[in-house]
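Engineer: Quick one: the structure is below, and I'll ask about it shortly.
Protein chains in written order, with the numbering used here: chain F, 625 to 896; chain Z, 1076 to 1346; chain A, 2 to 279.
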């Protein structure tokens, strides 16, 4: 093969393509990630600090509105479904074992569900679902790399950015990997559909390959990152970053003040 | 101007046995050097030592000298090594950052890490993609590509750092014949377009036969055979060294072993 | 389904099987295939042609969206995957999805233990399996201290020890050096000699031609060519092979150029040249 001179870079006739600087559409989606997080934080505090049904219902209304506007209703429903075992156990515990409750709905031998239990169980479940929806909305409407780019712009070092990005990615990847591992072990006769104590024995054959696989990958991934100059000094160039407006900064400050106000009011007893 | 290993010996951290060496190797720009050998003969260790990753990133103990264009690798930080010596592994999946939404941004990850101006980054990305002929992959999701495409993107991502030398550790091992062909063609293009010197470790000797200029065969950490690719691949000692010769060589040998002369038409049929 | 008799492999039948993955990829498209007991079958095709999807239907890891998978004429749908594992052992392409035990011995014991094997029978199986993959004497080694190719052989050993009537290997030769490939070829032939049905998913045409009695070519979820290596790699089939993104092995190409008929393996080419010279 003949020795070749290294060719010069071509003139830049192609700029940054649109799909990199893509704009998402919709008022809420276009908000800076930090703004969405600030609003979500405020909503969470309201859900828990304002006593009674007022807090959760107000936030629920907001969440429902935003979900409808951003068309994330279905994904939120899936998350709600994932929380359903927790909701069921909250309901059961409160219905039957709420301390001090003395207003039974009916008697079935020694078991007596109470009205207070039902009421409180519903309230707690609603709080749970509402706060997780508020957080989920921020997550669902923010592409990860927008979040990372914003954090990078605010000065979070590249390692921090990478850890966040990789961790977020890790969840679906780990889920996928666990599925593959389960298949592989089922192919060796491991029982995943049978009796519960047998399934308990399946923990190590399932967990260990996840861990080992992750560990063996770590070394290779570390080298791959180094090979891409990840540890170079200086600030990482950003190809794109979500915009931040003065109005949003103001909104975030307002949200922070409101959050503190609610907390103070709650702690000092003003909210009852 | 070359990548030189002189009297190199390497031990992994915590290990008493010498995984590589003593070994000498010289890689020149525009050249493709193939490396073959049985499993655990030191091929991966050679890649790590030649690229400076060992000991800079993986630790361990290296005797002898690794010099990249006259500069000792031991004096270079990993990001400086990366700009001189690109390194590629078997699985595309572990080389993707998984934090980018498009191939364009994935390939731009390296230049962005170097804090280059945005225009520079953009220019380098388009250049790397064009060098491999994969501009049409630019808008795609890097995690949703076929194995062969993924490896080409990983290669482009490394090329974007404009290294003088490229070291590849079994890049086609997990790929089907079509993917293997894609990567082999990509390497030929990369060598031509960038003038990089390439060190290619492969089991698939047919691929090496196609694109390597020179070859070495490793055995227990040392160089057992070295020379022009055609000569090494035709050497009788390949099999006992645990390397499968290219199909052409193997067939010719089988015919001769059966006492059949290699007539011209037969030789032609084996091309 | 009752526990299998070690020596009688069931007949396998795919009847109009269609399967689409959750993401929308249609991996199997009305596939029909019949494999007789004791056959050695190489399923070849490019990545994405549905090869791995196909074999995962044999041990119940995947269930058809439509069509049926039959073993000895009986639909496998009502049978749990864990129980089908006693009939069809599958060694995965990526060994790191399977390996978990502290050492090689425990790893290879896992499969047969799940099938109820204990004591001396278990030890014998473990020993034989490790012997077959060239890892005898590594009982106490930790799997992750071994290189990738040896881990792959270990994963195969752990399935061999289950002594299933049907043995399925997913890309057993990728990443292997010459010795590893020879070992895998040897154990395919040994398993076949015991009367097992051996199915390998591979994109190594030489491996398919040399070690298997039947080659099934897949493309886009369907079988496009099916026959002995001599039939499948004959010149008149090359257009179909190329449409499936595959190339015939060199002996077949050489034989065709010399007008010697279909010579899919080295041995066949040598024999044909010798016959011609007489």
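From the three backbone atoms N, C-alpha and C, an ideal C-beta is built for every residue, glycine too.
Should residue 667 (chain F) go down as buried or exposed, given a rule of 16 or more other Cβ atoms within 10 Å for buried?
Structural biologist: buried
Engineer: Using only CA atoms, which one of F:811, F:790 and F:673 lies nearest to residue 838 (chain F)?
Structural biologist: F:790
Engineer: Scan the region 205-272 of chain A and note each continuous beta strand (DSSP E) run of 3 residues or more that stays entirely inside, going in chain order.
Structural biologist: 215-220 and 223-228
Engineer: In the DSSP assignment, what are the bridge partners of residue 1136 (chain Z)?
Structural biologist: Z:1086
Engineer: Please identify the residue among F:854, F:703, F:747 and F:730 whose C-alpha is closest to the C-alpha of residue 782 (chain F).
Structural biologist: F:854
Engineer: Which two residues bound the contiguous beta strand (DSSP E) that contains residue 15 (chain A)?
Structural biologist: In the DSSP annotation of this structure, the continuous segment of the beta strand (DSSP E) that includes residue 15 (chain A) starts and ends at 13-21.
Engineer: Which residues in the same chain as residue 233 (chain A) place their Cβ atom closer than 7 Å to its Cβ, once the five residues preceding and following it in sequence are excluded?
Structural biologist: 216, 218 and 226
Engineer: With distances taken between CB atoms, is the gap from residue 1352 (chain Z) to residue 1316 (chain Z) smaller than 8 Å?
Structural biologist: Not covered by the structure: residue 1352 (chain Z). The range shown for chain Z is 1076 to 1346.
Engineer: To which residues of the same chain is residue 721 (chain F) closer than 8 Å at the C-beta, ignoring the five residues directly before and after it?
Structural biologist: 741
Engineer: Any Cβ of chain A within less than 8 Å of the Cβ of residue 703 (chain F)?
Structural biologist: no
Engineer: From which residue to which residue does the alpha helix (DSSP H) around residue 69 (chain A) run?
Structural biologist: First-last for residue 69 (chain A): 67-72, but that is the beta strand (DSSP E), not the alpha helix (DSSP H).
Engineer: So, for residue 235 (chain A): in the same chain, excluding its five sequence neighbours on each side, which residues have a beta-carbon less than 6 Å away from its beta-carbon?
Structural biologist: 263
Engineer: Quick check: is the beta carbon of residue 3 (chain A) nearer than 8 Å to any beta carbon in chain F?
Structural biologist: Residue placement at residue 3 (chain A) cannot be trusted, given a pLDDT of 35 that sits under 50; what the coordinates show is reported in the next sentence. With 8 Å as the cut-off, residue 3 (chain A) does not count as an interface residue toward chain F.
Engineer: Look at the Cβ atom of residue 66 (chain A), then the Cβ atom of residue 19 (chain A), and state whether they are nearer than 8 Å.
Structural biologist: yes
Engineer: Could you please give the first and the last residue of the uninterrupted beta strand (DSSP E) stretch that includes residue 1302 (chain Z)?
Structural biologist: Where residue 1302 (chain Z) is concerned, the enclosing beta strand (DSSP E) stretches over 1297-1303.
Engineer: Cβ of residue 1330 (chain Z) within 8 Å of Cβ of residue 259 (chain A)?
Structural biologist: It is not a contact, given that the beta carbons lie outside the stated cut-off.
Engineer: Using alpha carbons as the reference points, say which of Z:1294, Z:1297 and Z:1226 lies closest to residue 1262 (chain Z).
Structural biologist: Z:1226
Engineer: Determine, using beta carbons only, whether residue 64 (chain A) comes closer than 8 Å to chain F.
Structural biologist: no
Engineer: At the level of alpha carbons, what is the spacing between residue 884 (chain F) and residue 1175 (chain Z)?
Structural biologist: 36 Å
Engineer: Within the region 1151-1188 of chain Z, note down every full beta strand (DSSP E) run reaching 3 residues or more, in order along the chain.
Structural biologist: 1160-1163
Engineer: Name the chain Z residues that come within less than 9 Å of residue 227 (chain A), Cβ to Cβ?
Structural biologist: In chain order: nothing, as chain Z lies at least about 19 Å away.
Engineer: Suppose you measure from the CA of residue 847 (chain F) to the CA of residue 1133 (chain Z); what does that come to, to the nearest Å?
Structural biologist: 8 Å
Engineer: Is any beta-carbon of chain A found at less than 8 Å from that of residue 812 (chain F)?
Structural biologist: For residue 812 (chain F), the nearest beta carbon of chain A is closer than 8 Å to its own beta carbon.
Engineer: Rounded to whole angstroms, how far is the Cβ of residue 129 (chain A) from the Cβ of residue 168 (chain A), which I believe are closer than 8 Å?
Structural biologist: Residue 129 (chain A) to residue 168 (chain A), Cβ: 14 Å. No contact.
Engineer: CA-CA distance, residue 694 (chain F) and residue 1218 (chain Z)?
Structural biologist: 26 Å
Engineer: Can you tell me the Cβ-Cβ gap for residue 1293 (chain Z) and residue 1110 (chain Z), rounded? I've got them flagged as a contact below 8 Å.
Structural biologist: 6 Å
Engineer: Kindly provide the ranges of any alpha helix (DSSP H) runs that are 4 or more residues long and lie completely inside the region 1189-1267 of chain Z, ordered along the chain.
Structural biologist: 1193-1207 and 1222-1234
Engineer: If you measure beta-carbon to beta-carbon, which residues of the region 666-698 of chain F are closer than 7 Å to chain Z?
Structural biologist: Those residues of the region 666-698 of chain F that come within reach of chain Z (Cβ to Cβ, closer than 7 Å) do not exist; the list is empty.
Engineer: Residue 6 (chain A) by DSSP, collapsed to three states: which one?
Structural biologist: Note that residue 6 (chain A) scores 45 on pLDDT, short of 50, meaning its location in the model is unreliable; the coordinates nonetheless yield the value given after this. In this structure, residue 6 (chain A) counts as coil in the three-state DSSP scheme.
Engineer: Helix, strand or coil: which one does DSSP assign to residue 1276 (chain Z)?
Structural biologist: strand
Engineer: Spell out the partners DSSP gives residue 1142 (chain Z) in its beta bridges.
Structural biologist: Z:1079 and Z:1147
Engineer: Distance check for residue 61 (chain A) and residue 813 (chain F), CA to CA, integer angstroms please.
Structural biologist: Going from the Cα of residue 813 (chain F) to the Cα of residue 61 (chain A) covers about 11 Å.
Engineer: Considering only residues of the region 51-137 of chain A, which uninterrupted alpha helix (DSSP H) runs meet the minimum length of 4 residues and lie entirely inside it, listed in chain order?
Structural biologist: Runs found: 52-57, 82-85, 105-115 and 120-133.
Engineer: State the CB to CB distance for the pair residue 1107 (chain Z) and residue 1273 (chain Z), rounded to an integer number of angstroms; the pair is presumed to be in contact (CB under 8 Å).
Structural biologist: 5 Å
Engineer: So, does the region 180-199 of chain A touch the region 236-248 of chain A, judging by three or more C-beta pairs under 8 Å?
Structural biologist: no
Engineer: Determine whether the Cβ of residue 772 (chain F) lies closer than 8 Å to any Cβ atom of chain Z.
Structural biologist: yes
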